[in-house]
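Peer 1: Quick one: structure below, then a few questions.
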Amino acid sequence: MTRKIVVIGAGIVGSSIAAQLPEDVSVTVLDQAPTGQLRGSTGPAPGFVGLLNETPVMTELARASAALYDGLEFGGVRGFDRAGGVEVASTPEGLAKLEERAELAASAGLPHRLLDAAETVALAPELIDPAQCRRGLHFTDDGTARAGIITAALRERGNARFVDNAAVVGIELRGNRVSSVRTAAESFPADDVVLATGIWGPALASLVDQRLPLTPVAHPYAYGPKHGKSSAPTPFVRWPEHHVYARDHGDRLGLGSYDHAPQPIAPDQLGWNAERPWPGELFDDAVRRAMELLPASHRFPIAERLNGVFAMTPDNLPLLGAFPDITGLWSAAAIWVTHAGGAARGLVELICDQRSTFPDLDRLRPDRFADQDPTELETSALRLYRDIYASL
Ligand SMILES: Cc1cc2nc3c(=O)[nH]c(=O)nc-3n(C[C@H](O)[C@H](O)[C@H](O)COP(=O)(O)OP(=O)(O)OC[C@H]3O[C@@H](n4cnc5c(N)ncnc54)[C@H](O)[C@@H]3O)c2cc1C
């Protein structure tokens with residue numbers, strides 16, 4: 085009998101899994117969103133793909149993701165540009181951190197260059213202010229992703245059947261094995277069920293009395309007005325000392341900031357969309373401070389404010405692998421665009437009992453926080469929010 089795998093969630097993670105499962109299994113991907121809409125975190129993601137991570141397996145997942153995204157197109161639009169990324173520093177502590185990161189990149193075999201101020205500014209003169217830059221660290225293989233395009237391109241790969249408007253309301257068990265997944269309209273038989281539901285992971289896991297220690301947090305990103313030109317891809321820029329990042333999107337500039345008190349979203353406030361109303365002063369102030377890092381001539385009026393929700397975990401690592409108590413139930417949660425393609429491949433290898441490309445994947449298993457206090461776990465996750473780019 086053909087093995088039946090039901091993936092819940094058709095964001096970049098669920099679509100990457102479906103695209104990489106072998107052809108001899110039957111794959112169904114269910115998503116509550118209407119056809120053509122991305123209502124999860126993948127939709128609003130501005131798409132920074134920085135390969136280097138302090139945790140080596142994450143660097144490997146990012147490398148594999150970028151390799152998967154290279155060359156993907158949908159509707160004639162490229163999903164991924166190897167535009168590079170640059171980290172800017174201006175203080176002695178920041179410069180020391182850049183050197184540390186350069187050493188880490190060297191040990192990971194990632195191409196990189198430590199630059200002086202003039203070379204750094206030349207990479208992205210619209211974004212880097214010479215008066216606030218002493219050195220830069222350039223990662224030439226980093227990239228910028230159009231997560232929606234990548235997701236759409238991956239949906240076309242493989243033999244998976246995608247069912248939209250399919251909100252899952254139940255996961256049925258036979259003994260301690262999964263047996264089917266239920267929506268209001270239909271029941272889908274399943275030998276394996278993958279939870280690729282991002283910030284909604286805990287709600288899905290709770291259908292079978294399992295826990296996923298994941299905290300949804302709100303995050304501000306601001307776009308400038310469209311300038312009518314279409315510039316070639318330029319490196320994205322991070323200011324780790326300030327917890328700020330920015331990008332030239334080609335037709336407009338955009339920037340985001342982690343320099344504010346973290347904003348967890350309670351489960352009953354999540355709704356069915358990863359975008360929230362802009363909360364006002366808290367995010368306005370963070371964006372205003374971030375804008376001051378740009379050259380005075382390129383600070384832009386805000387044309388669009390985006391408050392998007394993504395998932396954080398107590399150690400800033402994904403929840404990837406089997407739920408040990410329920411045979412056939414798998415988690416693929418709290419995974420960035422940066423790591424989605426590689427994490428999906430790692431999970432597919434686990435599901436299909438293949439030799440793993442990523443030897444240290446066990447580090448990410450979803451039950452690694454079992455028995456720990458949920459409130460303390462949430463506190464740990466929120467503590468990491470401001471320094472998210474220190475470890476990425
Ligand atoms: C503002 C913002 C900035 C970001 N910046 C970056 C960045 O620069 N770089 C980067 O790498 N990442 C970034 N991220 C994070 C990244 O976008 C997410 O981690 C990633 O998109 C998660 O993908 P996913 O497929 O796991 O989840 P999602 O895209 O959220 O997909 C989950 C899917 O599950 C579906 N679903 C949920 N519940 C059910 C149910 N009961 N039944 C059926 N379907 C269900 C949802 O409809 C949704 O489509 C950012 C995120 C945000 C919001």
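Position one of the sequence shown corresponds to residue 85 (this note's numbering), numbered consecutively onward. Quick reminder that beta carbons are idealized off the backbone N, C-alpha and C, glycines included.
To which residues of the same chain is Phe367 closer than 6 Å at the C-beta, ignoring the five residues directly before and after it?
Peer 2: These residues qualify, in order along the chain: Pro304.
Peer 1: Enumerated in chain order, which unbroken segments of the alpha helix (DSSP H) with a length of 4 residues or greater are wholly contained in the stretch 100-155?
Peer 2: Counting only runs of 4 or more, we get 140-153.
Peer 1: How about the stretch 173-188 and the stretch 208-226: do they share at least three Cβ pairs that are nearer than 8 Å?
Peer 2: Segments in contact, yes.
Peer 1: Could you give the first and the last residue of the continuous beta strand (DSSP E) run that contains Glu203?
Peer 2: Careful: Glu203 lies outside any beta strand (DSSP E), inside the alpha helix (DSSP H) at 201-207.
Peer 1: With three or more C-beta pairs closer than 8 Å as the rule, is the stretch 397-417 touching the stretch 283-303?
Peer 2: With the cut-off at 8 Å, the stretch 283-303 and the stretch 397-417 touch.
Peer 1: Quick check on DSSP: helix, strand or coil for Met375?
Peer 2: Three-state DSSP puts Met375 in a helix.
Peer 1: Shorter than 6 Å, the distance from the beta carbon of His303 to the closest heavy atom of ligand 1, or not?
Peer 2: At least one heavy atom of ligand 1 is nearer than 6 Å to the Cβ of His303, so yes.
Peer 1: Under a three-way DSSP split, which group does Gly392 fall into?
Peer 2: Three-state DSSP puts Gly392 in a strand.
Peer 1: Kindly give me the distance between the Cβ atoms of Glu157 and Gly163, rounded to whole angstroms, as I take these residues to be in contact under 8 Å.
Peer 2: Glu157 to Gly163, Cβ: 6 Å. Contact.
Peer 1: For Glu462, I'd like the list of residues in its chain whose CB is within less than 6 Å of its CB, leaving aside the five on either flank, ordered along the chain.
Peer 2: So the qualifying residues of the chain are Thr299.
Peer 1: If distances are taken between C-alpha atoms only, which option among Phe320, Leu288, Arg373 comes closest to Phe223?
Peer 2: Minimum Cα distance to Phe223 is reached at Phe320.
Peer 1: Looking at the strands, I want to know which residues DSSP matches up with Ala244.
Peer 2: Per DSSP, none; premise fails for Ala244.
Peer 1: Say the cut is 6 Å; is the CB of Arg261 nearer than that to a heavy atom of ligand 1?
Peer 2: For ligand 1, not one heavy atom lies less than 6 Å from the Cβ of Arg261.
Peer 1: What does DSSP give as the partner residues of Leu257 in its beta bridges?
Peer 2: Partner(s): Val262.
Peer 1: Taking contact to mean at least 3 C-beta pairs separated by less than 8 Å, is the stretch 412-428 in contact with the stretch 371-380?
Peer 2: With the cut-off at 8 Å, the stretch 412-428 and the stretch 371-380 do not touch.
Peer 1: Does the Cβ of Met85 have 16 or more other Cβ atoms within 10 Å, making it buried, or fewer, making it exposed?
Peer 2: It counts as exposed.
Peer 1: Within the stretch 309-343, note down every full beta strand (DSSP E) run reaching 3 residues or more, in order along the chain.
Peer 2: 320-323, 328-332, 337-341, all fully within the stretch 309-343.
Peer 1: Starting from Ala424, trace the alpha helix (DSSP H) both ways and give me its first and last residue.
Peer 2: Segment 421-435, the alpha helix (DSSP H) holding Ala424.
Peer 1: For Leu257, which residues from the same chain have a beta carbon less than 8 Å from its beta carbon, with the 5 sequence-adjacent residues on both sides left out?
Peer 2: The answer, listed in chain order, is Ser263, Val292, Ile410.
Peer 1: Per DSSP, Pro273 forms a beta bridge with which residues?
Peer 2: Bridge partners of Pro273: Ser264.
Peer 1: Give me the Cβ distance between Gly131 and Thr228, rounded to the nearest whole Å; I'm assuming they're in contact under 8 Å.
Peer 2: Rounded, the Cβ-Cβ distance is 5 Å, consistent with contact.
Peer 1: Which residue comes first and which comes last in the alpha helix (DSSP H) that contains Ala416?
Peer 2: Taken as a continuous stretch (DSSP letters only), Ala416 belongs to no alpha helix (DSSP H), being part of the beta strand (DSSP E) at 413-417.
Peer 1: Applying the criterion that 16 or more other CB atoms from any shown protein chain within 10 Å of the CB defines a buried residue, is Pro195 buried or exposed?
Peer 2: Exposed, since its Cβ has fewer than 16 Cβ neighbours within 10 Å.
Peer 1: Say the cut is 6 Å; is the CB of Thr281 nearer than that to a heavy atom of ligand 1?
Peer 2: For ligand 1, at least one heavy atom lies less than 6 Å from the Cβ of Thr281.
Peer 1: Going by the beta-carbon positions, is the gap between Gly425 and Ser149 smaller than 7 Å?
Peer 2: The answer is yes: Cβ separation under 7 Å.
Peer 1: Evaluate Gln353 with the Cβ neighbour count: other Cβ atoms within 10 Å of its Cβ, from every protein chain shown; 16 or more gives buried, anything less gives exposed.
Peer 2: Classification of Gln353: exposed, given that the 10 Å Cβ count is below 16.
Peer 1: Heavy atom of ligand 1 less than 6 Å from the Cβ of Gly124, yes or no?
Peer 2: Yes, the beta carbon of Gly124 sits closer than 6 Å to at least one heavy atom of ligand 1.
Peer 1: Short of 8 Å in beta carbon distance, which residues of its chain neighbour Pro434, apart from the five on each side in sequence? Order them along the chain.
Peer 2: Reading the sequence as shown, one finds Leu at residue 434 and not Pro. Here the set comprises Gly405, Ala406, Trp414, Ser440, Leu445.
Peer 1: Got a sec, what are the start and stop residues for the beta strand (DSSP E) Pro304 sits in?
Peer 2: From DSSP, the beta strand (DSSP E) with Pro304 extends over 299-307.
Peer 1: Would you grab the beta carbon distance between Leu188 and Glu138 for me? Rounded to a whole angstrom, and I think it's under 8 Å.
Peer 2: About 7 Å; that satisfies the 8 Å criterion.
Peer 1: Alpha carbon to alpha carbon, how far is Gly312 from Asp335? Give it in angstroms, no decimals.
Peer 2: Looking at the two C-alpha atoms, the distance is approximately 6 Å.
Peer 1: Drop a sphere of 10 angstroms on the beta-carbon of Ser99, count the other beta-carbons inside from all chains shown, and report buried for 16 or more, exposed for fewer.
Peer 2: Classification of Ser99: buried, given that the 10 Å Cβ count is 16 or more.
Peer 1: My assumption, with CB atoms under 8 Å, is that Gly392 sits in contact with Glu359. Please give the rounded CB distance.
Peer 2: With a Cβ gap of about 6 Å, Gly392 and Glu359 count as contacting.
Peer 1: For Arg123, which of Ala427, Ile283, Ala103 has the nearest alpha-carbon?
Peer 2: Ranking the options by Cα distance to Arg123, first place goes to Ile283.
Peer 1: Run through the DSSP bridge pairs and tell me what Ile89 is partnered with.
Peer 2: According to DSSP, which records beta bridges pairwise, Ile89 is partnered with Val111, Asp276.
Peer 1: Give me whichever residues DSSP pairs with Ala229 in a beta bridge.
Peer 2: Partner(s): Phe164.
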